[in-house]
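Heads up, the sequence shown is in my numbering, so the first residue is 11 and it goes up one at a time. Backbone N, C-alpha and C fix where the C-beta goes; we use that ideal spot for every residue, glycine too. Keep in mind it's a predicted model, so treat the numbers as computed, not measured. Working notes, beginning with the structure itself.
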Amino acid sequence: MDQNQLSEAIQKLELFFSCRQLDDLDTMSVSDPYIILFQKTNQNNWSKIGQTELIWNNLNPNFATSIIIEYYFEVHQYLKLEVHHYVSQNESKMIGIAETSLAAIAGAKDQILMADLFSLQGKKSGKIVVKADQVKHCNDDLEITVSGQNIPDTRIGFWHGACPFLRFYRLRKDDSNPILVYESEFIKDSSNPTWKTIQCKSQKLCNGDYQMPIKVEVWDHRTSGKHLYLGETTFCIEELRDSFTQNKPQKKEFRNKQKNNSPAGTITFEKFNLKCKYTFLDYCEGGQQLNLILGIDFTASNGHPKDKKSLHYISQDSNSSQYLQAITSVVEILINYDHDKKVPIYGFGCQPAFNLINTNQTLHLFPLNDNPEDPEVYGLDGIVQCYRNAIQNMQLDGPTYIHPVIAKAMEMAVQSKLKGSQNYLILMILTDGQTDDLQLSIDDVIESSHLPLSIIIVGIGNADFKKMTILDNDDNSMVNSKGQKALRDLVQFVPFNQFKHDSTLLSREVLAELPNQLVEYMELMKIPPKPPTYKKNLLQYQQFQQNQQNKVNQQSGNTGFTTQNQGQGFAQQGF
Numbered sequence: 011m012d013q014n015q016l017s018e019a020i021q022k023l024e025l026f027f028s029c030r031q032l033d034d035l036d037t038m039s040v041s042d043p044y045i046i047l048f049q050k051t052n053q054n055n056w057s058k059i060g061q062t063e064l065i066w067n068n069l070n071p072n073f074a075t076s077i078i079i080e081y082y083f084e085v086h087q088y089l090k091l092e093v094h095h096y097v098s099q100n101e102s103k104m105i106g107i108a109e110t111s112l113a114a115i116a117g118a119k120d121q122i123l124m125a126d127l128f129s130l131q132g133k134k135s136g137k138i139v140v141k142a143d144q145v146k147h148c149n150d151d152l153e154i155t156v157s158g159q160n161i162p163d164t165r166i167g168f169w170h171g172a173c174p175f176l177r178f179y180r181l182r183k184d185d186s187n188p189i190l191v192y193e194s195e196f197i198k199d200s201s202n203p204t205w206k207t208i209q210c211k212s213q214k215l216c217n218g219d220y221q222m223p224i225k226v227e228v229w230d231h232r233t234s235g236k237h238l239y240l241g242e243t244t245f246c247i248e249e250l251r252d253s254f255t256q257n258k259p260q261k262k263e264f265r266n267k268q269k270n271n272s273p274a275g276t277i278t279f280e281k282f283n284l285k286c287k288y289t290f291l292d293y294c295e296g297g298q299q300l301n302l303i304l305g306i307d308f309t310a311s312n313g314h315p316k317d318k319k320s321l322h323y324i325s326q327d328s329n330s331s332q333y334l335q336a337i338t339s340v341v342e343i344l345i346n347y348d349h350d351k352k353v354p355i356y357g358f359g360c361q362p363a364f365n366l367i368n369t370n371q372t373l374h375l376f377p378l379n380d381n382p383e384d385p386e387v388y389g390l391d392g393i394v395q396c397y398r399n400a401i402q403n404m405q406l407d408g409p410t411y412i413h414p415v416i417a418k419a420m421e422m423a424v425q426s427k428l429k430g431s432q433n434y435l436i437l438m439i440l441t442d443g444q445t446d447d448l449q450l451s452i453d454d455v456i457e458s459s460h461l462p463l464s465i466i467i468v469g470i471g472n473a474d475f476k477k478m479t480i481l482d483n484d485d486n487s488m489v490n491s492k493g494q495k496a497l498r499d500l501v502q503f504v505p506f507n508q509f510k511h512d513s514t515l516l517s518r519e520v521l522a523e524l525p526n527q528l529v530e531y532m533e534l535m536k537i538p539p540k541p542p543t544y545k546k547n548l549l550q551y552q553q554f555q556q557n558q559q560n561k562v563n564q565q566s567g568n569t570g571f572t573t574q575n576q577g578q579g580f581a582q583q584g585f
């Protein structure tokens, strides 16, 4: 199964939770419930996968926090749901437990499962309701600011106004079983509130369906937990998008369905922003290429290549050196995203004795293939062969400078950018120790924020790699000589020894941040993905058909020329 098929095969379900008629375990008022969801592992242990928010003083809670879980039709996925009563930060009481399976939820009518809860003593302690929605692929971000006007005054005497808050529900096709997806904060003593801006994925609010009706209820908050319903209305994302495109903020009227649809104030959508959030695969669909560059450390601290203790030692029975293991594990993945498979490969920190490059001076950057005019080799096999040939013909030396190879990658990234190419460059540095030009390297990294470049550093051996973790900059504390910080994350450091016994884990750790780094750069530069190639070809084909039809119409059909035959020929050309 290829990667596209695998992505399609893995489906996700979003689970929503409610409880009914819970046992009251609170001595002062009523229970304060929350739910913890567990899944059974292969070792028959229970692993926690999510938890809802806490709801105060409520025996019939509807939780707004949902939990997304991968769904496999062919696998038994056993679930356990624990409903707890909150006592303190470190203490809770068990209200009840229910065990079921993801298949039972997915296969239930309307994908709604109601199950009995049982206390630790085995007695029924209420019911739990689980609703499932298939997660649709949508990464768009939503920002919505709403305000209310003339919310009914529900207080008597000294206190006036209301303490209004909002609940947002997804509505299913038949309008039954609405799903609570968001609840706002309450605004104290206000008939004209403005709530905090809603910031969430569109998948969360409407599951990526911009025509889905969304119900908004306005409630008056009560400290007892017995909130007072005031009214409701509906909207959809598409109508908000259309109205704000025309600079016309939407206004809706709340109606109280419990009081013959009497008016209950209005809601105004003050601000609306729908931001397309692209993914790494969106860019890949548009033909995005990753161009790999390799830099390999040949300083003396690695040990002489013929010494069995050397990090560059390759035994006669073909056992790979640690450098070669790291190269193979990562390059065999990255090379798939490089269409021409040509990789420039450089060495540093030694005195090469090649045919063309032969010197007794230590070089901190040289083409490992002995070709100053063209440092590229083809594919993984070319890289391995180049490394094996080079290691036999050099005198290892020092110190360790990585600034020259980073500067070279920056130069290539600048040239690519100036040519209008959207190719993204990956510099992979393999080194056994600390860099002796840390500040220059820091300056390089921060300057590279504006360049289509990521840097992967793999630490080989047991050296102290503290300086390399500084370059990784996970806490964003690194500053350059001018006191500036990086605008985005572009460096990943991985110590090889932690993963040397598992090439899969190594490649996963090394490449974990790369997709997000590419997307962050594209967002920073405001570069959207190109249309998928197959869509572009389809448009070309449709335009071709239209042109041929126009010719037929002009010739009144006398030539015997058919668009169908021409279309077949067009398809044979690869469209």
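Can you give the beta carbon distance from residue i to residue j, rounded, assuming they're within the 8 Å contact cut?
i      : j      : result
Asp482 : Phe506 : Going by Cβ atoms, the distance from Asp482 to Phe506 rounds to 15 Å, so no, they are not a contact pair.
Tyr337 : Ile401 : The residue you asked about is not Tyr; residue 337 is Ile in the sequence shown. Wrong, their Cβ atoms sit about 12 Å apart, outside the cutoff.
Phe73  : Glu63  : 6 Å
Arg180 : Met222 : 6 Å
Phe358 : Leu334 : No, Phe358 and Leu334 are not in contact; Cβ-Cβ is about 17 Å, not under 8 Å.
Ser487 : Gln449 : The pair is not a contact, with the Cβ atoms about 15 Å apart (cut-off 8 Å).
Asn217 : Lys146 : 5 Å
Ser39  : Ile105 : So it is not a contact: roughly 15 Å between Cβ atoms.
By a C-beta neighbour count over all protein chains shown, 10 Å radius and 16 as the cutoff for buried, is residue i buried or exposed?
i      : result
Thr445 : buried
Ser458 : buried
Tyr544 : Low confidence applies here, because Tyr544 scores a pLDDT of 48, under 50, leaving its location unreliable; read the following figure in that light. It is exposed - the Cβ of Tyr544 has fewer than 16 other Cβ atoms within 10 Å.
Gly493 : exposed
Lys206 : exposed
Ile470 : buried
Cys286 : exposed
Leu23  : buried
Phe27  : buried
Asn68  : buried
Lys214 : buried
Leu534 : exposed
Pro273 : exposed
Ala423 : buried
Helix, strand or coil for residue i, going by three-state DSSP, please let me know.
i      : result
Glu63  : coil
Ala74  : coil
Arg251 : helix
Pro538 : coil
Tyr82  : coil
Tyr293 : helix
Gln268 : helix
Tyr544 : Any answer about Tyr544 is weak, because its pLDDT of 48 lies below 50 and its placement is not dependable; what the coordinates show is given next. Correct three-state label for Tyr544: helix.
Ile208 : strand
Pro188 : coil
Asp199 : coil
Val529 : helix
Gln298 : coil
Asp120 : helix
Asn568 : Confidence in Asn568 is poor, its pLDDT being 46 and thus under 50, which makes the residue's placement too unreliable to answer from.
Cys216 : helix
Ala581 : For Ala581, the predicted structure reports a pLDDT of 33, less than 50, and the residue's modelled location is therefore unreliable. The matter cannot be settled from this model.
Gln21  : strand
Ala125 : strand
Leu524 : helix
Gln508 : helix
Ser57  : strand
Ala274 : strand
Ala310 : helix
Which two residues bound the contiguous beta strand (DSSP E) that contains residue i?
i      : result
Asp36  : Here Asp36 belongs to no beta strand (DSSP E), and DSSP marks it neither H nor E.
Val501 : Val501 to Pro505
Ser135 : Lys134 to Gln144
Ile324 : First-last for Ile324: undefined, no H or E at that position.
Thr244 : Leu238 to Phe245
Gln260 : Careful: Gln260 lies outside any beta strand (DSSP E) and carries neither H nor E.
Leu91  : Tyr88 to Ser98
Leu47  : Pro43 to Lys50
Asp230 : Ile224 to Asp230
Between which two residues does the alpha helix (DSSP H) holding residue i run?
i      : result
Leu112 : Leu112 to Gly117
Val520 : Ser513 to Leu521
Are any of the Cβ atoms in chain C nearer than 7 Å to that of residue i?
i      : result
Asn266 : Among the chains in the structure shown there is no chain C, since it carries only a single protein chain.
Review point. Which runs of the alpha helix (DSSP H) spanning at least 4 residues fall entirely within the segment 147 to 177, listed in chain order?
Key: Scanning the segment 147 to 177 from its first residue to its last, no whole alpha helix (DSSP H) run of 4-plus residues comes out.
Exercise for review: Can you check the segment 405 to 493 for any alpha helix (DSSP H) of at least 4 residues that lies completely inside it and give the ranges in chain order?
Suggested key: The segment 405 to 493 contains these whole alpha helix (DSSP H) runs: 413 to 428, 448 to 457 and 476 to 482.
Review point. In the segment 331 to 410, which residue ranges form an unbroken beta strand (DSSP E) of at least 3 residues, counting only runs that do not cross its ends?
Key: 352 to 358, 360 to 362, 386 to 388 and 404 to 406
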